[in-house]
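Visitor:
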Amino acid sequence: MSEPSISLKKVIGKTVKAIRIKKGLSQEDLAHECNVDRSYISMIEVGRNEPSITKIFDLCKGLNIKPSDFIKLVEVEYEQLSGE
Numbered sequence: 376m377s378e379p380s381i382s383l384k385k386v387i388g389k390t391v392k393a394i395r396i397k398k399g400l401s402q403e404d405l406a407h408e409c410n411v412d413r414s415y416i417s418m419i420e421v422g423r424n425e426p427s428i429t430k431i432f433d434l435c436k437g438l439n440i441k442p443s444d445f446i447k448l449v450e451v452e453y454e455q456l457s458g459e
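Using this note's numbering, the first residue of the sequence shown is number 376, and each one after it goes up by one.
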């Protein structure tokens, strides 16, 4: 099976970054809310780290967004980028 041309990790990262900026949070602020290092947030945002489902829930709590809303945003972005 071939790897999709659009990386889900990058879409998740792009979505996290967009929401974080919209909420006026720094990477440090979000990291503090999620109890992780700022570098972990950075790695997610650039698509070099794929958060576990537990971390996605932590990120959503820190971003003050429902996990279902976050997943929907990721889905919409992924579909737009992949042309589906």
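Glycine included, each C-beta is placed from N, C-alpha and C at the ideal position.
#1: Quick one: what's got a C-beta closer than 8 angstroms to Asn410's C-beta in the same chain, skipping five residues either side?
#2: Give me, in chain order, the residues of the same chain whose beta-carbon lies closer than 8 angstroms to that of Asn439; leave out the 5 immediate sequence neighbours on both sides.
#3: Roughly how many angstroms separate the alpha carbons of Pro426 and Gly388, rounded to a whole number?
#4: Pick helix, strand or coil for Asp412, following the three-state DSSP scheme.
#5: Return helix, strand or coil for Ile440, following the three-state DSSP convention.
Guide: The answer reads as follows:
#1: Position 35 of the sequence shown, counting from 1, holds the residue named residue 410. Result list for Asn410: Asp433, in chain order.
#2: To locate residue 439, count along the sequence shown from 1; it is residue 64. The residues Lys398, in chain order, have a CB closer than 8 angstroms to that of Asn439 in the same chain once the five nearest residues on each side in sequence are set aside.
#3: Taking the sequence shown and counting its residues from 1, one reaches residue 426 at position 51. Taking the sequence shown and counting its residues from 1, one reaches residue 388 at position 13. It is roughly 9 angstroms from the alpha-carbon of Pro426 to the alpha-carbon of Gly388.
#4: Here residue 412 corresponds to residue number 37 of the sequence shown, with the count starting at 1. In the structure shown, Asp412 sits in coil (DSSP, three-state: anything other than H, G, I, E or B).
#5: Your numbering for residue 440 matches position 65 in the sequence shown. Residue state for Ile440 is assigned as coil, using DSSP reduced to three classes.
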